[in-house]
Amino acid sequence: MTFTSNERRAQRRQQCREALANHIYQRLGLVVPPGRVRLQPSAEDGYAWSSSKAKEYLLKTNLGRGTVGLYQDIMDELGQSLEAVTPKTLHANKVGEDAPSTRESPEIDSESFTATIQRLEQQNKELIGKIGELQRSEQERRAKLRHLEEELERHKSYLEKSEAELLRARGGITEALVVLQKWQSGGETV
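The opening residue of the sequence shown carries number 1 in the numbering used here; numbering runs sequentially from there.
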């Protein structure tokens, strides 16, 4: 039996809708009849689609107007660079809020790539903050070290001057002792 292009398109569209409905159920635990699945759902539908930047074009067309190639691309990318998420998760991703810390539904087996990206972006922000703190702390330590080194140089200079002064005083004392010993031993007058 040979299919016309319209029949082949209708068959692939139905397969795509079924794959999308199954994915929504697996990811979010929502039962959406295949005929009611949309690529541009409203918040009331209870699901949204998240995709990588490179695959955003897959969500631009209405499912009823797609091509056989589009339906195949959607099915190929489903769970890879295209996934069902809660509207809250998608909204948090778009406005840059923190990712939800708990999963929306107990049926979700693993963290979505959208939630993973959000979690990693948040961790990245935290690490950048910690790096900044460490850099400031390092700068403070270096400033203290420079101050201590300068103080050490001042003390070294003072010590060198004191030693020179001590040597000169010692020389004067030695001369005085020699004169004193001569004076005591025999009466040479100075």
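All C-beta atoms, glycine included, are put in the ideal place defined by N, C-alpha and C.
Rounded distance between the beta-carbons of residue j and residue i, thought under 8 Å
| i | j | result |
| --- | --- | --- |
| Q14 | P41 | Actually they are not in contact, since the Cβ atoms of Q14 and P41 sit about 18 Å apart, beyond 8 Å. |
| T116 | V85 | That belief does not hold up - the Cβ atoms of T116 and V85 are roughly 11 Å apart, past 8 Å. |
| D73 | L58 | 6 Å |
Continuous beta strand (DSSP E) stretch holding residue i: start and end
| i | result |
| --- | --- |
| A84 | L82 to V85 |
| S51 | A48 to S51 |
Extent of the continuous alpha helix (DSSP H) run through residue i
| i | result |
| --- | --- |
| A10 | S5 to L28 |
| S162 | F113 to G186 |
| G66 | Taken as a continuous stretch (DSSP letters only), G66 belongs to no alpha helix (DSSP H), as it is neither H nor E. |
Pair within 8 Å by beta-carbon distance, residue i and residue j
| i | j | result |
| --- | --- | --- |
| L39 | T61 | yes |
| S50 | L90 | yes |
| A143 | P87 | no |
| R27 | S81 | no |
Residue i, buried or exposed, once every other Cβ within 10 Å from all chains shown has been counted against 16
| i | result |
| --- | --- |
| A191 | Within the shown structure, residues of the chain are numbered from 1 to 190, placing residue 191 beyond reach of any answer. |
| Y71 | buried |
| D98 | Because the pLDDT at D98 is just 47, under 50, the model does not fix this residue reliably, and the point stays unresolved. |
| L78 | buried |
| Y47 | buried |
| H155 | exposed |
| E126 | exposed |
| Q123 | exposed |
| H147 | exposed |
| E165 | exposed |
| Q139 | exposed |
| E83 | buried |
Residues of its chain near residue i, where Cβ-Cβ distance is below 7 Å and the 5 sequence neighbours each way are ignored
| i | result |
| --- | --- |
| R17 | P34, G35, V37 and L63 |
| Y25 | V31 |
| G66 | R13 |
| A19 | M75 and L78 |
6 Å CB neighbourhood of residue i in its chain, flanking five on each side removed
| i | result |
| --- | --- |
| R9 | V68 |
| T174 | none |
| Y160 | At residue 160 the sequence reads Glu, which differs from the Tyr that was named. There are no such residues. |
Beta-carbon proximity list for residue i, same chain, < 8 Å, skipping 5 on both sides
| i | result |
| --- | --- |
| A169 | none |
| Q11 | F3 |
| E133 | none |
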